[in-house]
Each structure stands twice: as C-alpha cells, then as structure tokens.
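A.B. asks: Mind having a look at this structure? Questions to follow.
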Amino acid sequence: MAHDIRGPSHHADTAMRGMSWMALNTILARGVVFLSQLVLGYLLIPADFGLYALALSVSAMLGALRNGGIAQLMTAEGVRYRAQLTVQTQFGLVINVITFAVLLVLAWLARTTKGIDALGWLIAAIGLSFPLGTFGSVYRTELAILGRYRDLAVLSTVSTVLWQLEVIALAALGFGVYSLVVPMVLQSVFDGVMGWWYLRHWPLRGPLLTMQQFLGLLRETRWINLGLVMLWLGLTGPYYVAGLFADPTTVGFFFFGFQLAYTLFTLFNNSIETVLPPMLARQNGDPRGQAQTTRQMLRILIVVSLPLAGGLVLGAHAAVHLLWAGRWDRSAPVVSAVACSLPGWIGFSIVRALLEARGWWVSRLVVLSVYGLGSCAVVALAAWLTHDLGAMALALSAFYSVFGLALLAMLPALIGVTTREILSLLIRPLALGVLCAFLGLAAAYGLPPGAGELERELTALLVFGVVAATANWIWFGAEWRAAVGTIFGGRAGLIQTAR
176 MAHDIRGPSH HADTAMRGMS WMALNTILAR GVVFLSQLVL GYLLIPADFG LYALALSVSA
236 MLGALRNGGI AQLMTAEGVR YRAQLTVQTQ FGLVINVITF AVLLVLAWLA RTTKGIDALG
296 WLIAAIGLSF PLGTFGSVYR TELAILGRYR DLAVLSTVST VLWQLEVIAL AALGFGVYSL
356 VVPMVLQSVF DGVMGWWYLR HWPLRGPLLT MQQFLGLLRE TRWINLGLVM LWLGLTGPYY
416 VAGLFADPTT VGFFFFGFQL AYTLFTLFNN SIETVLPPML ARQNGDPRGQ AQTTRQMLRI
476 LIVVSLPLAG GLVLGAHAAV HLLWAGRWDR SAPVVSAVAC SLPGWIGFSI VRALLEARGW
536 WVSRLVVLSV YGLGSCAVVA LAAWLTHDLG AMALALSAFY SVFGLALLAM LPALIGVTTR
596 EILSLLIRPL ALGVLCAFLG LAAAYGLPPG AGELERELTA LLVFGVVAAT ANWIWFGAEW
656 RAAVGTIFGG RAGLIQTAR
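In structure tokens, the structure reads:
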C-alpha cells in the first residue's frame with residue numbers, strides 16, 4: 176500500500192481545518208437542538224422524555240449494528256474504498272433490513288410486557304429509520320474520506336435544522352412523544368437525497384451481493400460491530416438501567432440533563448470521530464507523523480474544552496432555572512456532574528479514533544466494552560443505592576473521568592512517546608481550569624450572607640469566565656488561534672502547540 180508522504184504539519188493542518196468545519200456544524204446544530212429542547216421543555220412533559228429514553232434503550236443494542244460497520248471499514252481502507260463500495264453498501268442495507276425486522280418483534284414484545292402502546296410504536300419508527308438511512312450514511316462516510324468537510328458540515332447542519340423544526344412542529348400539533356421519532360424516518364430519506372446531490376453517484380450500481388461476499392463481510396466486521404454494540408450501550412444503556420430502579424419521570428429528568436451536557440460533548444466528539452480516523456489512517460506508514468498529529472490534536476482539544484466545561488459546571492443550575500422557569504431544576508445537578516468529565520471523554524474519543532485508524536478492531540472492542548458495560552454498571556449501582564439523580568450523574572461522571580484518564584495513560588505506548596510528553600500537554604490546562612473554577616467559587620461565597628443562590632451562581636460564572644478568558648489568552652493563545660484560525664486556511668501557530 177502506498178502511504179501518504181506529506182509531512183505531519185500538513186496532516187495536522189488538514190485535521191484541524193476539518194475539525195473546525197465540523198465544530199462549526201456542531202455549534203450550529205447543537206444550538207438548534209438546544210433551542211428545540213428549550214421549546215420542547217414547554218410542549219412535552221418529563222414522562223414523554225422518559226418514554227422516549229426507554230425506546231432508545233430498547234433499540235440500542237440492535238441500533239448499534241446499523242449499517243453493519245461499513246463506515247468504519249470504508250474509513251480504514253481510505254481512498255481504496257471505491258473498489259468495494261457497491262458490495263459494502265448492499266451489505267449494510269441487508270443488515271439494516273434484518274435489524275428493522277427484529278426491532279418490529281421487540282416493539283411488539285415491549286408493548287405487551289410494559290403495557291404501554293406508545294412504546295411499541297416508538298421502537299418501530301426508530302427501526303424503520305435504519306434501512307432508509309443506509310445511503311445517507313454511506314454518502315457521509317465518502318465525504319469524510321475525500322476530505323470534503325465543508326460539504327459534510329453543510330449537509331449535517333441543514334439536516335439537523337430540518338429535523339428539529341419537524342420535531343417542534345409535530346409537538347406543537349399535539350403529537351406528544353411521537354414528535355421525537357417521526358422526524359428520524361423523514362431525515363433518513365433527506366440525508367440520502369442530499370448525499371446524492373453532493374456526490375452524484377448511486378452506490379448500488381454494480382453486481383448483486385452474493386452469499387459468499389455477505390458471509391465474508393460479516394466475518395470481517397464482527398469485531399467492529401461488537402464494538403458498536405458496546406458504544407451504543409454506553410450512550411443509551413444508562414437510561415435503561417436507571418429505568419429499572421426509577422419511575423419514568425425521574426428517568427426523564429436524567430435524560431434531559433444528560434442531553435444538555437452531551438451538547439457540549441458532541442461539539443468535540445463529532446469533530447474527532449469524523450475527521451481523525453481517516454486522517455490518522457493516512458499516516459499509518461508514518462508512525463512519527465501520526466504521533467505528532469495525535470499530540471497536537473490532544474493539546475488543542477484539552478485547552479479549548481476546559482473553559483467550556485467549567486462554564487457549564489458552574490452555570491448549569493442558573494441556566495436551567497432561568498430558561499425553563501424552574502420546570503427542569505432537577506436536571507441541573509446532572510448537567511453539572513456530567514460536564515466535569517469532558518477531559519476524560521476527549522481522551523476516550525482520541526484513543527478510539529487512533530484504534531479505528533489502525534484497524535485494531537479487537538483492541539477497540541475491549542475499550543468500548545469497558546466503556547459500555549462500565550457506564551451501565553455505575554448508574555445501576557447508584558440508582559439502586561440512592562434513587563437520586565445527582566448520585567447517578569456523579570457516578571457516571573466519575574467513571575468517564577477515570578476511564579478517559581486511564582486511556583490517556585496508555586497513549587504513550589500507542590504512539591511511541593514518553594509519559595512526560597503527554598503529561599506536559601495536560602497538566603497546565605487542567606491546573607488553570609481548576610484555579611479559575613476555585614476563584615469563581617471563592618468570589619461567589621465571598622458575597623454578603625443575604626445574597627441569593629442564583630446571584631452566587633451568576634457571580635461564580637462571571638468571575639470564572641473573565642479569569643479563564645484572560646488566562647487562556649495569555650498562556651494558550653496559540654492553541655485558540657489554531658482552533659479558530661485554521662478554518663480560514665491559516666496555520667495560526669498550530670505547529671508550535673506540539674512543542
């Protein structure tokens with residue numbers, strides 16, 4: 176195989192530019208999702224969100240098998256993916272149809288055992304979106320492999336805006352919890368149409384998939400798919416296990432708060448998982464360059480993420496209280512607790528991207544298994560012992576943090592650098608974040624005894640923001656210029672961030 180011989184600085188620039196486009200897409204998309212959630216907080220009730228969370232949890236295991244792992248396979252193959260595109264697309268479509276059929280059976284069983292008619296229909300609608308979304312997923316993967324991040328960002332943003340408008344419109348018309356799943360079906364079709372408009376080719380043009388090819392791809396993707404099951408389990412399993420020990424309303428508050436915190440996680444996670452695997456895969460023949468790109472991305476992401484996470488931790492209660500007039504205050508501790516784990520989550524995402532780029536599917540499965548099963552276990556334990564939202568969120572946050580930092584401790588062995596080099600990327604940003612949060616809290620509790628809780632929280636957030644912005648400008652200006660400037664084609668000090 177001919178490896179890309181361009182220098183690591185080129186790859187770092189390209190990766191950063193791609194991540195900047197995806198970050199802009201995520202900011203716009205999550206902004207729309209946030210506004211949608213703001214409106215839905217008035218149109219729907221906690222039980223609706225709880226029922227939706229249960230439907231997602233039931234479909235999570237099979238939903239993880241969506242597309243049969245062909246996106247990861249295509250990414251690892253790089254530009255060679257075209258040779259097997261028709262066969263792999265048919266394979267993904269067959270897997271999605273089988274998954275939909277199984278979900279129909281599960282929908283009937285869930286409806287029968289739970290005694291809730293709506294639950295069965297929700298699961299069926301989620302399942303229908305799988306086969307309809309096959310082509311959209313293939314097109315998105317192609318755009319990422321080809322480095323067309325701007326087109327991919329536009330497609331994703333437009334799709335998300337239309338999706339949320341559909342959700343709000345249906346909720347306003349009185350469709351209740353169904354307004355959360357019907358748009359899934361509509362957007363699966365829309366993504367395919369938009370993808371075709373960008374790439375102007377039909378991925379099914381070619382000979383039909385044979386049984387021998389199907390079985391061969393099934394063997395080739397078995398570790399990928401098992402890993403996807405664990406990934407989905409980690410993302411949706413906590414809702415299900417919480418539902419085993421708590422009522423739907425409590426699960427709804429937990430789900431609502433987690434989704435608010437996950438808005439920030441998605442800003443970084445979408446960029447990492449879309450851009451880094453194909454970029455690092457191009458450097459599989461250049462270990463030193465791959466290591467440098469990984470270190471640069473880790474440094475910039477940690478520097479940029481910490482102030483945002485700190486602001487969300489300190490301002491969650493005030494924001495939730497003001498935005499929803501007290502209706503969702505029980506979700507605020509969940510938001511604050513989960514936001515604390517963002518650095519660990521970034522470590523997890525970067526290590527996962529590296530394993531995918533190298534095609535180390537068994538190692539990836541081990542990492543995702545610990546993540547998925549561990550997430551469910553800690554939430555189940557906290558729910559069983561306390562039935563408290565805050566305790567469940569703290570347990571989940573602690574697990575994310577410890578697990579992510581443990582993976583970062585393994586990173587030196589994976590990319591051939593010293594532990595000291597990785598620590599040098601982390602210690603200063605983490606220490607600065609803790610110091611800024613401490614100063615914010617000190618200012619809040621230094622107010623007169625008669626000050627209200629909301630006044631203290633806003634003071635802490637304001638002081639934290641001013642101090643963090645000033646300190647980051649002084650000590651980490653190059654990293655911020657790299658994160659913002661590369662989208663316009665400049666390097667903005669990107670290379671210096673690795674030194």
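Mapping of the sequence shown onto the numbering used here: residues 176 to 674, in sequence order. Ideal Cβ placement from N, Cα and C applies to all residues, glycine included.
Do you know whose CA, among Val262, Ser232, Ile220, lies nearest Gly243's CA?
C.D. replies: When each option's Cα is compared against that of Gly243, the closest is Val262.
A.B. asks: Can you find at least 3 beta carbon pairs, one from the segment 394-414 and one from the segment 542-558, that sit closer than 8 Å?
C.D. replies: The answer is yes - the segment 542-558 touches the segment 394-414, with three or more Cβ pairs under 8 Å.
A.B. asks: Just the Cα atoms here: how many angstroms apart are Ser511 and Gly308?
C.D. replies: Ser511 and Gly308: Cα-Cα distance of roughly 34 Å.
A.B. asks: Is the beta carbon of Leu605 sitting closer than 8 Å to the one on Val513?
C.D. replies: Not a contact, by the Cβ cut-off of 8 Å.
A.B. asks: If we call anything under 8 Å between Cβ atoms a contact, is Ile301 one with Ala230?
C.D. replies: In contact: Ile301 and Ala230 (Cβ atoms closer than 8 Å).
A.B. asks: Spatial neighbours of Gly367 within its chain, please: C-beta separation below 6 Å, excluding the five flanking residues on both sides.
C.D. replies: Same-chain partners within the cutoff: Phe310, Gly311.
A.B. asks: Go through its chain and collect everything with a Cβ distance to Gly216's Cβ below 7 Å, but skip five positions before and after it.
C.D. replies: Correct list, in chain order: Trp499, Arg502, Trp503.
A.B. asks: Given a threshold of 16 other Cβ atoms within 10 Å of its Cβ, counted over all protein chains shown, does Ser599 qualify as buried or as exposed?
C.D. replies: Answer is exposed; the Cβ neighbour count stays below 16.
A.B. asks: Going by the beta-carbon positions, is the gap between Ser363 and Ile298 smaller than 8 Å?
C.D. replies: Taking 8 Å as the Cβ cut-off, Ser363 and Ile298 do not qualify as a contacting pair.
A.B. asks: Please classify Phe613 as buried or exposed, where buried requires at least 16 other C-beta atoms within 10 Å of its C-beta.
C.D. replies: It counts as exposed.
A.B. asks: Check whether the segment 519-528 and the segment 445-458 are in contact - that is, three or more C-beta pairs closer than 8 Å.
C.D. replies: Contact holds: three or more Cβ-Cβ distances are below 8 Å.
A.B. asks: I need the boundaries of the alpha helix (DSSP H) containing Pro423, first residue and last residue.
C.D. replies: Element bounds for Pro423: 423-456.
A.B. asks: Should Tyr324 and Trp371 be called a contact, given that it needs their Cβ atoms to be closer than 8 Å?
C.D. replies: No. Outside cutoff.
A.B. asks: Helix, strand or coil for Gly625? Go by DSSP, reduced to three states.
C.D. replies: Three-state DSSP puts Gly625 in coil, outside helix and strand.
A.B. asks: Within 10 angstroms of the Cβ of Glu628, are there 16 or more other Cβ atoms? Answer buried if so, exposed if not.
C.D. replies: Glu628 should be labelled exposed.
A.B. asks: Could you have a look at His562 and say whether DSSP puts it in helix, strand or coil?
C.D. replies: Of the three classes helix, strand and coil, the one that applies to His562 here is coil, per DSSP.
A.B. asks: Sort Phe275, Ile477, Pro423 by Cα distance to Asn444 and report the nearest one.
C.D. replies: Measuring from the Cα of Asn444, the nearest candidate turns out to be Ile477.
A.B. asks: Can you tell me where the alpha helix (DSSP H) with Phe523 in it begins and where it stops?
C.D. replies: Run containing Phe523: 517-533, per the alpha helix (DSSP H) assignment.
A.B. asks: Kindly indicate which residue of Ala493, Thr335, Pro382 has the alpha-carbon position closest to the one of Leu361.
C.D. replies: The shortest C-alpha separation from Leu361 is found at Thr335.
A.B. asks: By the three-class DSSP mapping on this structure, what secondary structure does Phe651 have?
C.D. replies: Phe651 falls in the coil class under three-state DSSP.
A.B. asks: Alpha carbon to alpha carbon, how far is Leu219 from His496? Give it in angstroms, no decimals.
C.D. replies: For His496 and Leu219, the distance between alpha carbons rounds to 17 Å.
A.B. asks: What's the gap between the Cα of Pro624 and the Cα of Arg505?
C.D. replies: One C-alpha to the other measures close to 25 Å.
A.B. asks: Quick check on DSSP: helix, strand or coil for Arg325?
C.D. replies: Helix, per DSSP.
A.B. asks: Measure the Cβ-Cβ separation of Phe428 and Trp520 and say whether it is below 8 Å.
C.D. replies: Taking 8 Å as the Cβ cut-off, Phe428 and Trp520 do not qualify as a contacting pair.
A.B. asks: Note down the Cα distance separating Ala417 from Val426, rounded to an integer number of angstroms.
C.D. replies: Those two C-alpha atoms are separated by around 6 Å.
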